[in-house]
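Protein chains in written order, with the numbering used here: chain A, 1 to 308; chain B, 1 to 93. These notes concern the structure reproduced below.
Written out as structure tokens, the structure reads:
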């Protein structure tokens, strides 16, 4: 691609990677870049920690781009970083949140797959690993987490789009995420994973129709977040537990985080409902990211006032 | 952008009205190469669910014909995916 990084355009990995270094350099008091592992093709995975430096703060972990073709997802992570750094000290709500909370933001989980979707196959979904005996490459990273792994819907066929890998956390990208979260579990109060499309706000469980012990609270929180989203451009986001709202699935990151003890775990499915699918135009990056930023701030404020 | 081309590739939306149509869609995935956009896979298809799937240009006629033979109403969300891929990166705002 040509040109420079832009928050209102889709950026290839080269630009995103350079941006992670730049945003840290320009905001040393607010942002730090952490190397959490490498991808299957040995690319470094960078996480950005954002928040006013202080000890023992609560944190929210956000990851983007688990599925390669969902380009609006990494665009959101970049947007949120921009919003955080540029409104800190100006917007009262954002300042309060960042003074009292850290965000761990992984702008792109599936780097290898994302590059593949730019250069080889626009609709590539999985990672690029080829550890199976099959000629088919890639694992659905959102079926590779160690929660009900390989049950319910996940496929053991490497040629399927929902292939769950050879074992739980078999993929280095999954391992990097889970290791970081385990090592910071005491501070992480919420886990948010950003996908597209279909405009939904989902919470556990996905692998069973059973309700979580805090179902009613999660449902209220999701309702409030959906209202925050709708307040900006009137976009309607459905919300509810994954299995009942969409369909049962297993090995997914939100269920894994919840089972690990992070009781506020959500999957965002961003715009739209099929008109554009994975081809959401660049003109919709800004409004989409703005409405989701409102929801994230709503959840962050709730976490600050309702968790110890 | 994207070495693989998607000329004449289409994305269909269907809503199965009964279990026969659900079975038909699941079998269709075995006959033709289908990339499910929603849900993630044929496994998840249930009655009355809106299903979006992408079919390559060389298979669209066959898939359309099979759907018509099975009384399956469909909507075409994308007529030519290659054009839409190229349009995605054009800022029209």
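Glycine included, C-beta positions come from ideal geometry on N, C-alpha and C. Since this is a predicted model, take the numbers as computed values, not measurements.
Residue state for residue 37/A is assigned as strand, using DSSP reduced to three classes.
When 150/A, 161/A, 103/A, 144/A are compared, the shortest CA-CA separation from residue 124/A is found for 161/A.
Within chain A, the residues 277 have their CB atoms less than 7 Å from the CB of residue 11/B, given in chain order.
When the five nearest sequence neighbours on each side are left out, the beta carbons in the same chain lying within less than 7 Å of the beta carbon of residue 82/A are those of 7, in order along the chain.
Contact with chain B is absent for residue 268/A, since none of that chain's Cβ atoms lies less than 9 Å from the residue's Cβ. Against chain B, the CB of residue 232/A has no partner CB under 9 Å away; the residue lies outside that interface. In the three-state reduction of the DSSP assignment, residue 44/A falls in the strand class. Residue 30/B and residue 308/A have their C-alpha atoms some 52 Å from each other. Listed by position along chain B, the residues whose Cβ is nearer than 9 Å to that of residue 203/A form an empty set, because the closest Cβ is around 18 Å away.
Closer than 9 Å to the CB of residue 138/A there is not a single CB belonging to chain B. Secondary structure at residue 168/A: coil, using DSSP grouped into helix, strand and coil. Taking all protein chains shown into account, residue 29/A has fewer than 16 neighbouring C-beta atoms within 10 Å of its C-beta and is therefore exposed. Within the segment 102-118 of chain A, the residues whose Cβ lies closer than 7 Å to some Cβ of chain B are 118, listed in chain order. By alpha-carbon distance to residue 237/A, the top candidate from 271/A, 149/A, 221/A, 214/A is 271/A. Distances from the alpha-carbon of residue 52/A to those of 233/A, 27/A, 44/A, 276/A put 27/A closest.
The contact set of residue 199/A on chain B, defined by CB atoms closer than 9 Å, is empty, because the minimum CB distance reaches about 11 Å.
Of 75/A, 208/A, 41/A, 18/A, the smallest CA-CA separation from residue 280/A is found for 75/A. Residues are counted here when their Cβ sits less than 9 Å from a Cβ of chain A; for the segment 36-47 of chain B these are 36, 37, 38, 39, 40, 41, 43, 44, 45, 46, given in chain order. In its chain, beyond the 5 residues on either side, 131, 132 have a beta carbon closer than 7 Å to the beta carbon of residue 166/A. In the structure shown, the three-state DSSP call for residue 188/A is strand. Distance from the Cα of residue 265/A is smallest, within the candidate group 254/A, 221/A, 36/A, for 254/A. If you check the CB distance, residue 190/A and residue 295/A do not come in under 9 Å.
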